[in-house]
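Asks: Residue numbers (this note's numbering): 3 to 969.
Glycine included, every Cβ here is placed at the ideal spot set by N, Cα and C.
None of these values were measured; they are calculated from a predicted model.
Handing you a structure now.
Next up, the structure:
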């Protein structure tokens, strides 16, 4: 193994046998290693299985029972490709599985046997058959695509490798065949190089090959190189060579000169040959590994030998690139997995000291940024500077390993060179070289920017920053800020100059970005100072910033009360309110103080705002007694009522009805107990009966069930408020059958002048006390007698009605009642009028105005009882003249004729319509002889006998009897 100061360090990464891999399976046909991530081993006993070794955790191999002829793990992911020959055929069945998802990605049946296969990219499998080479993508459902046919030099060869360049434009196939008879142990190596673009192949002798990229100075596009190693015996002479050739040279561009070098095999290794080649792009080195464990290391650019040593005592059959370290892995027959890496600390001193190749040592140090060539680089830089080769010196400084010459001293050195007229200043040459090589460091970026700013070429700065050519620093941001604030902010952000970034956002009033940025970089700014700063110039911005802070993960960095006080110190009531209303939305008990505070400040300054907040009902934990007092002082009496909890407070406030919306006050009564509500209603009436009556009435109507109808009536009666009673009972009347309520409504309506309503209720209601109502209406002496008429007519008080109307000189209502309301009660009216000694002319006129509508019999009875039948003479004669045959009409007329002794015998004997018994009975007390005439006319035998016997009118009796006997 190599010594400690060797340029290549070797270590054993693991041994396959220690993981349970049997030695018979540690062969080229059983083991695959497509990258430095996985090793795959195919076992055939004691059962068919595939062992997958993850190099990140090699002690936990994954063993799966799988039968396959070959297994390949994808270079990057846990995707497994399996190949198995279909029994009885020469065809192979190919399958690709996602191990993590446990799904089959795709499969294909090859019509010919695949003799070798390999992942040439993470997405592409190379398949080699006896005749051709195919590519099969794991994406989509495409089948393998034929790329080229194998050349004749590979016939009967064992294929040991297949590769493509990064652009997949060049392909190389490697095979080995038995050696010459004179040296059978030295197998023959053959190579087929194929150009995809040209569709041409070239057959060469080589045991191992690999592609590389190299950037030739003066050509911005990298060149594609093919490296291959061969060992052949020609006429007994062994020739071992390493070739490095550019593929597809770019016209008009500097190209890579073909290089070759000898492979020096020790005498004991004359039959040894290369089996693998790996290239480190990181170090620009070519690794050639032989079967018997020799390692040759060459410089890719010059093909200069760097190192040779035996790295394994056992034959090596498999290698893989170690992309992360710039080395490689090798597996030998004993099952060792060896890891070769470049010794960064010793490789450059080794090349300069042991090999005495100073130029290679410097180039290697520059290429891989390695230590060990400092003195050489500095010495060379000074020589070039002394020779005024400033361009070459600049290039050397730009590429100096580990930034050895990328210092302020170097910049000062170039600054010190006098500028020749018409020539580019050496300092700009230096910076230009650095820009073409990559990114400037902080000091270089600052000095170059200083030049550009002085020349007012800000656009160059913008371009370099966009191309990431400058290392941003706080100092650079300060410089650029003098010419461009936006660009300076970008620099501060890249430089992670967090305080400057925060200050810049604040200047731009982009407060939301302050919080976002601070969270991203894990910075805790002085939020209190920031908020104070914003407050001075942008109050609304300060509110927004405070709200953003309140929404930060982990809670607001400033106490809400502190933030509020900052606003209030500057008398920013509206801003403080806006902040608190937002942060207090959750309505938490722990925010009771702040809820009280936001209400307090607004009740003192903006009561309407406080009123809106309270109306919204968003808070429930504030100091209610305190807010009640402030509401009262601010004139928000309704809010005060809603917050006070003591009756004296409520009674004191509730009388301010001039400043309380009536409907809201009525609704407030619904929140009070019965006793408190009645007390408050009493106070309202006591303070301003007329002004507050409607509110009290409305409250009584709304909550009469809770308060009690009797209590409400009593309240209004206590204040003799008939208007209140009227409006209150009016809403309750239709649902009540209580006579007292109906009477009180009639009474209140009458006393408030609501005559139409009195008339309606007396006409429609069936529940009031008629006698009581009649008496009240008579006492009330309403100007309109219709209500009294309704009561008396409906409940039989017509004489009382008539007497009241007559004595109160309301004769027209008498006429109206008789003529329009109830003509049938006219006899009662006439009788009462007669009792009241009403002039006969009025009575006669009243009777005649009704005429035939009058019931004659009761009218006659009423007049007859008062011996005033003669009053009806004109009325009766009028009826007779109209042809009336009503017996009652003729009876009455007969009675009048009898009383007036106006030839009664003629009437009694000639009138066919009167009732003989009725008229005869009437005549008995006045003139019995006339009674005899009437009875005789009506053949009332019994009545005639009785009257004649009673009055000793035997002659008339005998005459009547004889008249019957003559028949």
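#1: Touch check for the stretch 621–632 and the stretch 593–607: three-plus C-beta pairs under 8 Å?
#2: Give the list of continuous alpha helix (DSSP H) stretches no shorter than 4 residues that lie fully inside the stretch 487–512.
#3: Please say whether residue 276 and residue 233 have beta carbons closer to each other than 8 Å?
#4: With H, G and I counted as helix, E and B as strand and the rest as coil, what does DSSP make of residue 212?
#5: Classify residue 523 as buried or exposed, calling it buried when 16 or more other Cβ atoms lie within 10 Å of its own Cβ.
#6: For residue 56, write down the residues that DSSP places opposite it in a beta bridge.
#7: Pull up the distance between the alpha-carbon of residue 434 and that of residue 418, whole angstroms please.
#8: Report the rounded CA-to-CA distance for residue 156 versus residue 210, giving the unit in angstroms.
#9: Identify the residues that DSSP records as bridge partners of residue 276: which are they?
#10: Could you tell me which whole beta strand (DSSP E) segments of length 3 or greater appear in the stretch 620–685?
#11: Can you round the beta-carbon distance between residue 819 and residue 791 to whole angstroms, since I take them to be within the 8 Å contact cut?
#12: Using a Cβ distance threshold of 8 Å, determine whether the stretch 323–335 contacts the stretch 30–39, with at least three qualifying pairs required.
#13: Assuming residue 296 contacts residue 271 (C-beta within less than 8 Å), just tell me the rounded distance between them.
#14: In chain order, what residues of the same chain lie with their CB nearer than 8 Å to the CB of residue 49, ignoring the 5 residues before and after it?
#15: Please name the residue, chosen from 229, 533, 88 and 617, that lies closest to residue 508 on a Cα-to-Cα basis.
#16: May I ask you to report which of helix, strand or coil DSSP gives residue 698?
#17: Sorted by chain position, which residues of the same chain lie with C-beta nearer than 6 Å to residue 343's C-beta, five sequence neighbours on each side aside?
#18: Could you please give the first and the last residue of the uninterrupted alpha helix (DSSP H) stretch that includes residue 595?
#19: To the nearest angstrom, report how far apart residue 701 and residue 660 are at their CA atoms.
#20: Take residue 925 as the anchor and find which of 47, 914, 810 and 946 has the nearest alpha-carbon.
#21: What number of angstroms, rounded off, separates the C-alpha of residue 459 from the C-alpha of residue 339?
#22: Nearest by alpha-carbon distance to residue 641: which of 648, 650 and 655 is it?
#23: Can you name the start and end residues of the beta strand (DSSP E) that residue 318 belongs to?
#24: For the stretch 818–835 against the stretch 847–854, are there 3 or more C-beta pairs whose distance is under 8 Å?
#25: Could you pull the start and end residues of the beta strand (DSSP E) that residue 1 belongs to?
#26: Tell me, please, which residues DSSP counts as bridged to residue 143.
#27: Cβ atoms of residue 70 and residue 84: under 8 Å apart, would you say?
#28: My output table needs one value for residue 148: the three-state DSSP class, helix, strand or coil.
#29: For residue 799, is the classification buried or exposed, using 16 other Cβ atoms within 10 angstroms of its Cβ as the cut-off for buried?
#30: Quick one: Cα of residue 111 to Cα of residue 92, how far?
#31: May I ask you to report which of helix, strand or coil DSSP gives residue 12?
#32: On the three-state DSSP scale, how would you describe residue 591?
#33: Ignoring anything shorter than 4 residues, give me the alpha helix (DSSP H) runs that lie fully in the stretch 806–890, in order along the chain.
#34: Quick one: which unbroken beta strand (DSSP E) runs of 3-plus residues sit fully inside the stretch 322–391? Chain order, please.
#35: Distance check for residue 703 and residue 839, CA to CA, integer angstroms please.
#36: Please return the same chain residues whose Cβ sits closer than 6 Å to the Cβ of residue 134, not counting the five positions on each side in sequence.
Replies: Put simply:
#1: yes
#2: 487–497 and 500–509
#3: yes
#4: strand
#5: exposed
#6: 40
#7: 17 Å
#8: 14 Å
#9: 292
#10: none
#11: 5 Å
#12: yes
#13: 6 Å
#14: 67
#15: 533
#16: helix
#17: 11, 327 and 329
#18: 594–607
#19: 16 Å
#20: 946
#21: 58 Å
#22: 655
#23: 318–324
#24: yes
#25: Residue coverage of the chain in this structure runs from 3 to 969, which leaves residue 1 outside it and unanswerable.
#26: Per DSSP, none; premise fails for residue 143.
#27: yes
#28: strand
#29: buried
#30: 11 Å
#31: strand
#32: helix
#33: 813–818, 828–837, 842–852, 858–867 and 875–883
#34: 329–334 and 338–344
#35: 50 Å
#36: 148 and 151
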